[in-house]
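Following the numbering used here from start to finish, the sequence shown increments by one per residue and tops out at 134.
For every residue, glycine included, the Cβ atom is placed at its ideal position computed from N, Cα and C.
Note that this is a predicted model, so its numbers are computed, not measured.
Worksheet: one structure, shown below.
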Amino acid sequence: MMDLSKHLYAVPVMISFVAIFVSMTLLYLTVRRQMILNRRFASDTTMKRLSEHSQKVYRRAFWYVLSYTVVWLPAFIITFSTYSVTKQTIVRSIMPLQGLGNAF
């Protein structure tokens with residue numbers, strides 16, 4: 031029988047993953063929609079700049095979601111496996127990398 035604390039750990043991690051993924055997707059779609067709406071008022075150089083800004087927002091959101099996934103997915107999977115010092119060491123060495131991923 032699985033330990034109840036493992037399930038209690040899994041719920042907030044999954045909720046936060048879904049919330050981050052949805053919010054970053056909505057952020058990108060909002061920026062893209064603004065770019066499309068401003069297309070009729072903008073010159074070619076302004077459109078190029080807006081397009082670059084949209085791509086920058088996309089890359090930032092992508093890296094944020096990717097770094098969160100790379101850091102928390104192994105920790106989430108290890109929760110349901112047997113305890114191992116090696117696994118715990120790997121997870122604890124990966125966790126600080128989320129800050130590095132957020133920097134991009």
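Using the Cα positions of residue i and residue j, report the straight-line distance between them to the nearest angstrom.
i, j, result
"Lys-78", "Leu-57", "20 Å"
"Pro-7", "Val-48", "Only positions 31 to 134 of the chain appear in this structure, which leaves residue 7 out of reach."
"Val-115", "Val-121", "10 Å"
"Thr-60", "Lys-86", "13 Å"
"Trp-102", "Ala-72", "42 Å"
"Asn-68", "Ser-111", "51 Å"
"Thr-119", "Thr-99", "18 Å"
"Val-95", "Leu-80", "23 Å"
"Thr-75", "Phe-106", "46 Å"
"Pro-42", "Arg-70", "43 Å"
Give a single yes or no on whether residue i has its beta carbon closer than 7 Å to a heavy atom of the ligand GTP.
i, result
"Ala-133", "In terms of ligand content, the structure shown is empty, and the ligand GTP therefore cannot be addressed."
Please state the DSSP three-state secondary structure of residue i.
i, result
"Ser-84", "helix"
"Ala-91", "helix"
"Ala-72", "coil"
"Pro-104", "helix"
"Trp-125", "Residue identity differs from the one stated: residue 125 is Met in this sequence, not Trp. Three-state result, Met-125: coil."
"Tyr-58", "helix"
"Tyr-98", "helix"
Just checking my contact of residue i with residue j at CB under 8 Å: how many whole Å lie between their CB atoms?
i, j, result
"Gln-178", "Ser-97", "It is not possible to answer for residue 178, since the shown part of the chain is limited to 31 through 134."
(request) Flag this pair as touching only if the segment 84–98 and the segment 45–59 have three or more C-beta atom pairs under 8 Å; answer yes or no. (result) yes
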